[in-house]
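Structure, as structure tokens:
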Amino acid sequence: MSDEASGAGPQADPRANPRARALEGFTVELDVYSGPYEGLLALILRDEVEIFEVPLRELVALYADENPSGTSTLERDTDFVDSATSLVLLKGRALAFDPEGEEDPEEPLSPRELERRLVGYLKIKRAAELLNERLRENAGFYPSAHFLPPRPGKLRVDRKKLAAAAKRAFSRTAEPETRHLGPITVTVGELAALIRSSLVEANGNPVRFEDLVRGMDRLRAAVAFTAALSLASEGSLTLRQTEPFGPLTLDPAARTK
Amino acid sequence: MSAAARPAALIEAVLFASPHPVPLPTLLSATGLAEGESRRALEDLKGRYSPEASGIVLREAAGGYQLATNPLCAEAVERLREEARPAPLSGAAHEVLACVLYLGPTTRAAVSTVRGVNSDAAVRGLLERGLLAEKGRDLESPGAPALLDVTDDFLIAAGAKNRDDFPSLETLVDETELARVRERLASATPEANAGVRANDPGADL
Amino acid sequence: MSAAARPAALIEAVLFASPHPVPLPTLLSATGLAEGESRRALEDLKGRYSPEASGIVLREAAGGYQLATNPLCAEAVERLREEARPAPLSGAAHEVLACVLYLGPTTRAAVSTVRGVNSDAAVRGLLERGLLAEKGRDLESPGAPALLDVTDDFLIAAGAKNRDDFPSLETLVDETELARVRERLASATPEANAGVRANDPGADL
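Okay, here's the thing in structure tokens:
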């Protein structure tokens, strides 16, 4: 498949975008997006799809289902794992996000500032639940289809906007600009290993997430969280949090790997 | 859900949401009602929406049933039309217009394939505004889906002399990107293929 | 001619001919009615188009009056249009809407700060769906970033008469819950902060 794809155009050097080339033909059906996988990656990198809305577990399951009889090539599998790992890392980065760029990543927030933010966020979270309900209750109202169309000339189509829309629509899978993401210096693998060894040291006892990330900078802590989620989804541990903002605990799975 | 709604209410809602007269079989399949109860409900509705009782009237036209404004109220409706300022088009609407302009005539499925998201609602909005129209059907695809094209009103709204009075796609989008879009359309569902086949091989895309 | 039509019929016809809610002043100028008789007629119409009596209902939204299909009949309408209901918004999108509704007009950066995660993608999706719009710029911030606000389409979708037709933010969280959060924070070490942030509910893998 990649051979054929690499002959597709003058610039189709497989190294230019190996993951999209090898994974061409893999389409995904998710709530947030349906279409080619490479398109999903492009949309995420261009901030057109929020990384938190991409259920990675579902994505992996779709990939596994797509190749049930071992027809997949090693190259293809490697590319998929590579891109899926990038998505996990992106999730980690988004969690450590600092929009104003003002915070020193090594300097923890003051307890008062943290409280202010959490209380503010909690209110927004409740408001979002309320909106969810309001929008659902009001979803079934359809407006009249019997209006007169505006007189010709009243409606304007902006040609600049139309050209910009054409660019957008026909470049959905363009190799996106990634410079703004900056280097990611920590891997989920490293932190997954750290979590596993902490669980072994704890000798079958639960480990508090807070203890695990004590002393880590925010990016590492966030990636540790995604690593914990990955381990939980593969069944190596169980995550426990009894209430919102409550302490998070990692329990070793009964059947440790 | 709809079990709770009375037959007349179901018919009322369907006629309200359809810009065209709805033939009885369509009405039955949309509402799930039997023919007898539908006819009885339509009789009731003729009373409720009579020219004497209401500003909305139920009429039979072009082989179907239609709700329409009472001619007695025509002046008020015309004044509303004069005052109404059309809402600006959304980003999605612009993208759909661009797809149909550059690929067209093409199907809804092809538009959705290019955009990567279901575009049915945006297409409907543009049909309602008269910027797109269905022009024939793609008989080679299963289900013979409708072919969409831009309208003269669209050209007027964009201040364009004709379809060619827009920058070519090649000047807007990278050649590699176009090749990929083409590949995607070709490998998509048969309905989406219609969009490609309906196009001249040497056309913009 | 229109002298023969009753006030309620005129209003009915005008609302029927508009896909959007019609503000009272527009209703008055289109129908030529006085405010008092319009209000009385609207009261009558609320009975005629009540959810119990009709497949078409009269609602107030986004500063105007609108006739719309009764949600009990939504499935029949969707079958007629062969159109699925648009996918509901994600959790992230609801949070962004809540930020803009309660704290807005506000910038993308402010939304991201409140949520603790980059919200550009969710904002973009909401702009695309027409639920948010850019309204002016924040001239006091460096780079004069665009200010986001909720749109009339959002108010219509939420069935809200206006921006204030929502409970106040202070009433949404009960005191005992806030007290528990404060208590837990007081007992936690400052280093725990990354962990708490990482517990963002949107972070479901």
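Chains as they are written, first to last, in the numbering used here: chain S, 549 to 805; chain A, -2 to 202; chain D, -2 to 202. Yeah, the Cβ is synthetic: ideal placement off N, Cα and C, and Gly gets one too.
Alpha-carbon to alpha-carbon, residue j and residue i
i                 : j                 : result
Val108 of chain A : Ser116 of chain A : 7 Å
Glu677 of chain S : Pro102 of chain A : 43 Å
Thr66 of chain A  : Leu39 of chain D  : 17 Å
Gly52 of chain A  : Leu94 of chain D  : 38 Å
Arg121 of chain D : Arg660 of chain S : 32 Å
Ala693 of chain S : Arg716 of chain S : 30 Å
Glu92 of chain A  : Leu100 of chain A : 12 Å
Ala775 of chain S : Gly701 of chain S : 57 Å
Leu124 of chain D : Pro4 of chain A   : 38 Å
Arg82 of chain D  : Arg181 of chain D : 42 Å
Ala206 of chain A : Pro18 of chain D  : Since the first and last residues shown for chain A are -2 and 202, residue 206 of chain A lies out of range.
Ala157 of chain D : Ala59 of chain D  : 6 Å
Ser745 of chain S : Gln789 of chain S : 21 Å
Ile599 of chain S : Leu86 of chain D  : 15 Å
Ala130 of chain D : Val147 of chain D : 6 Å
Tyr669 of chain S : Val111 of chain D : 6 Å
Arg37 of chain A  : Arg682 of chain S : 36 Å
Thr786 of chain S : Ala155 of chain D : 38 Å
Leu145 of chain A : Gly127 of chain A : 12 Å
Gly583 of chain S : Pro48 of chain A  : 50 Å
Glu34 of chain D  : Asn686 of chain S : 29 Å
Pro691 of chain S : Arg56 of chain D  : 11 Å
Leu152 of chain D : Asp162 of chain D : 9 Å
Ala509 of chain S : Leu30 of chain A  : Outside the modelled stretch of chain S, which goes from 549 to 805, sits residue 509 of chain S, for which no answer is possible.
Thr175 of chain A : Ala713 of chain S : According to the sequence shown, residue 175 of chain A is Leu rather than Thr. One C-alpha to the other measures close to 15 Å.
Glu614 of chain S : Ala119 of chain D : 29 Å
Thr633 of chain S : Phe773 of chain S : 14 Å
Ser784 of chain S : Ala741 of chain S : 12 Å
Which of helix, strand or coil DSSP assigns to residue i
i                 : result
Lys43 of chain D  : helix
Asp135 of chain D : coil
Tyr585 of chain S : helix
Gly33 of chain D  : helix
Ser617 of chain S : Confidence at Ser617 of chain S is low in this model, with a pLDDT of 49, below 50, so its placement is unreliable and the value that follows should be read with caution. If DSSP states are grouped into helix, strand and coil, Ser617 of chain S belongs with coil.
Gly737 of chain S : helix
Gly668 of chain S : helix
Leu703 of chain S : coil
Asp150 of chain D : helix
Arg727 of chain S : Note that Arg727 of chain S scores a pLDDT of 48, beneath 50, so its modelled location is shaky and nothing firm can be said.
Arg605 of chain S : helix
Ala65 of chain A  : strand
Arg181 of chain D : helix
Glu49 of chain A  : coil
Leu145 of chain D : strand
Arg684 of chain S : helix
Arg508 of chain S : Because chain S in this structure spans residues 549 to 805, residue 508 of chain S falls outside the shown range and cannot be described.
Leu796 of chain S : coil
Ala130 of chain D : strand
Leu785 of chain S : strand
Gly610 of chain S : A small correction: the amino acid at residue 610 of chain S is Leu; Gly does not occupy that position in the sequence shown. In this structure, Leu610 of chain S counts as helix in the three-state DSSP scheme.
Thr790 of chain S : coil
Ala578 of chain S : Note on identity: in this sequence residue 578 of chain S is Leu, with Ala being the wrong assignment. Looking at Leu578 of chain S - three-state DSSP - the assignment turns out to be coil, as it is neither helix nor strand.
Option nearest residue i by Cα separation, candidates the options
i                 : options                                   : result
Cys70 of chain A  : D:Ala6, D:Ala183 and D:Asp135             : D:Ala6
Val771 of chain S : S:Asn680, S:Glu738 and S:Arg624           : S:Glu738
Ala609 of chain S : S:Thr575, S:Ile599, S:Leu591 and S:Ala590 : S:Thr575
Gly61 of chain A  : A:Glu49, A:Val11 and A:Gly88              : A:Val11
Val54 of chain D  : S:Leu710, S:Ala712, S:Phe689 and S:Glu749 : S:Phe689
Ala50 of chain D  : A:Glu9, A:Arg76 and A:Arg78               : A:Glu9
Ala2 of chain D   : A:Asp171, A:Ala141, A:Cys96 and A:Ala73   : A:Ala73
Arg160 of chain A : A:Ala84, A:Thr28 and A:Asp150             : A:Asp150
Glu601 of chain S : D:Ala90, D:Asp171 and D:Val170            : D:Ala90
Environment of residue i [buried if 16+ CB atoms lie within 10 Å]
i                 : result
Ala183 of chain D : exposed
Asn751 of chain S : exposed
Pro164 of chain D : exposed
Pro22 of chain A  : exposed
Glu629 of chain S : What sits at residue 629 of chain S in the sequence shown is Val, not Glu. So Val629 of chain S ends up on the exposed side.
Asp627 of chain S : buried
Gly113 of chain D : buried
Arg105 of chain D : buried
Val97 of chain A  : buried
Gly587 of chain S : buried
Asn753 of chain S : exposed
Ala84 of chain D  : exposed
Jot down the residue ranges of each uninterrupted alpha helix (DSSP H) in the region 76 to 127 of chain D, minimum 4 residues, whole runs only, in chain order.
-> 88 to 100, 105 to 112 and 117 to 125
Write down every uninterrupted run of the alpha helix (DSSP H) in the region 149 to 179 of chain D whose length is 4 residues or greater and which is fully enclosed by it, in chain order.
-> Counting only unbroken stretches of 4 or more residues, the alpha helix (DSSP H) elements lying wholly within the region 149 to 179 of chain D are 149 to 154, in sequence order.
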